[in-house]
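Colleague: Here's a structure for you.
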Amino acid sequence: MRLQHNISPPAPGRGGSRKRKRGTEDRGSPVPSMAGSASGFSTFKVEPHTPVALDEDQQHQADYFARHPPANGRHRSRSPRAGSPSNQTPDDDEGYTSSSSDTLPAHLLPHLEPSTGLVLGRSQSMVMYLLMKAKHEYAITQHEQLCEELKVVRSELRLEKEKKEEALDTLLRNVFGAEAEKLIEPIPPPPSMMEVVEPAGEPSSASASISMTNGHGR
Numbered sequence: 001m002r003l004q005h006n007i008s009p010p011a012p013g014r015g016g017s018r019k020r021k022r023g024t025e026d027r028g029s030p031v032p033s034m035a036g037s038a039s040g041f042s043t044f045k046v047e048p049h050t051p052v053a054l055d056e057d058q059q060h061q062a063d064y065f066a067r068h069p070p071a072n073g074r075h076r077s078r079s080p081r082a083g084s085p086s087n088q089t090p091d092d093d094e095g096y097t098s099s100s101s102d103t104l105p106a107h108l109l110p111h112l113e114p115s116t117g118l119v120l121g122r123s124q125s126m127v128m129y130l131l132m133k134a135k136h137e138y139a140i141t142q143h144e145q146l147c148e149e150l151k152v153v154r155s156e157l158r159l160e161k162e163k164k165e166e167a168l169d170t171l172l173r174n175v176f177g178a179e180a181e182k183l184i185e186p187i188p189p190p191p192s193m194m195e196v197v198e199p200a201g202e203p204s205s206a207s208a209s210i211s212m213t214n215g216h217g218r
């Protein structure tokens, strides 16, 4: 091809395709297998945990919590995980901490029957529900009473302010005489803050003119 087009061959060492010779270390090193599945993703196998490994993990967790008790004094409740054997310790529930409201009060413990688990003939969950309902009703009653007391206190405060203003006006009249009226008279609000309030039951002039025009004013 070069002879037909009168093209001189390239200088030695330049141009042309260069091929890197693989050394002995390349030949000896195995090439990692990149074979994938038909979809293009490589598959791998996860070894399942044996019962011995699960017991060791749970023992490590128990040792950790024994060395590091909770800072707030509350212990996390445990519930069995679905599919776990009955002889294994259940894992902790995420996001839930038991408190004193989840346990029976001390005055109800003597009424607990160990054989049936009932308290005064009712289940423990029903007893806790009734206790929380009673506390809720008591809180509502106290809230209503406090609201009424707040209304009374506010009315008394308003009366005390009025008495204070009257006593101050009397003092100013006694000290300054007639000139005190300039200080006693209330300052009228600016026109921008004044709102026209229509008397109840009386239509405004605009609405009255519209009704007369549409009715008998034709």
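Quick note on numbering: UniProt numbering labels position 71 of the sequence shown as 71, and the sequence is numbered without any gaps.
Using N, Cα and C, we set each Cβ at its ideal position, and we do this for glycine too.
1) Could you tell me if Val119 is buried or exposed, where buried requires 16 or more neighbouring beta carbons within 10 angstroms of its beta carbon?
2) Alpha carbon to alpha carbon, what distance is there between Tyr129 and Pro114?
3) Taking the beta carbon of Val153 as the centre, do at least 16 other beta carbons fall within 10 Å, making it buried, or is it exposed?
4) Considering Glu137, what are the terminal residues of the alpha helix (DSSP H) in which it resides?
5) Leu171 and Ile184 look like a contact to me (Cβ under 8 Å); what is the Cβ gap, rounded to whole Å?
6) Output the distance between the C-alpha atoms of Met194 and Pro188, rounded to the nearest integer angstrom.
7) Would the beta-carbon of Asp169 fall within 9 Å of that of Ala178?
8) Tell whether a beta-carbon distance below 9 Å holds between Leu109 and Val127.
9) DSSP on Leu109, reduced to helix/strand/coil?
10) At which residues does the alpha helix (DSSP H) containing Ile184 begin and terminate?
11) I need the straight-line Cα distance from Gln124 to Glu137, nearest angstrom please.
12) In whole angstroms, give me the CA-to-CA distance for Ala167 and Glu149.
13) Have a look at the DSSP bridge pairing and note the partners of Leu118.
14) To the nearest angstrom, how far is it from the Cα of Leu159 to the Cα of Ala106?
Modeller: In brief:
1) Here the question's residue 119 lines up with position 119 in the sequence shown. Classified as buried, Val119 has 16 or more neighbouring CB atoms from the shown chains inside 10 Å of its CB.
2) Locating residue 114 in the sequence shown gives position 114, where the first residue counts as 1. Locating residue 129 in the sequence shown gives position 129, where the first residue counts as 1. Annotation: Pro114 to Tyr129 spans about 20 Å, alpha carbon to alpha carbon.
3) As a first step, residue 153 must be located in the sequence shown, where it is residue number 153. The residue is exposed, with fewer than 16 neighbouring Cβ atoms inside 10 Å.
4) One-based indexing of the sequence shown puts residue 137 at position 137. Where Glu137 is concerned, the enclosing alpha helix (DSSP H) stretches over 124-176.
5) The residue you call residue 171 lines up with position 171 of the sequence shown. The residue you call residue 184 lines up with position 184 of the sequence shown. Actually they are not in contact, since the Cβ atoms of Leu171 and Ile184 sit about 10 Å apart, beyond 8 Å.
6) On the sequence shown, position 194 is the one that residue 194 refers to. On the sequence shown, position 188 is the one that residue 188 refers to. Near 9 Å, if we compare the C-alpha coordinates of Pro188 and Met194.
7) To locate residue 169, count along the sequence shown from 1; it is residue 169. To locate residue 178, count along the sequence shown from 1; it is residue 178. Not closer than 9 Å, so no.
8) Here residue 109 refers to the residue found at position 109 when the sequence shown is read from its first residue. Here residue 127 refers to the residue found at position 127 when the sequence shown is read from its first residue. No, they are not a contact pair.
9) Numbered from its first residue, the sequence shown carries residue 109 at position 109. It is helical.
10) Here residue 184 is taken as the residue at index 184 of the sequence shown, counted from 1. Run containing Ile184: 181-184, per the alpha helix (DSSP H) assignment.
11) Counting from one through the sequence shown, the residue named residue 124 turns up at place 124. Counting from one through the sequence shown, the residue named residue 137 turns up at place 137. Cα-Cα distance, rounded: 20 Å.
12) Translated into positions along the sequence shown, residue 167 becomes position 167. Translated into positions along the sequence shown, residue 149 becomes position 149. The straight-line gap separating the alpha-carbon atoms of Ala167 and Glu149 is approximately 27 Å.
13) For the purposes of this step, residue 118 is identified with residue 118 of the sequence shown, where counting begins at 1. The secondary-structure analysis by DSSP pairs Leu118 across a beta bridge with Ser123.
14) Position 159 of the sequence shown, counted from the start, is the residue given in the question as residue 159. Position 106 of the sequence shown, counted from the start, is the residue given in the question as residue 106. One alpha carbon belongs to Leu159, the other to Ala106, and they sit about 49 Å apart.
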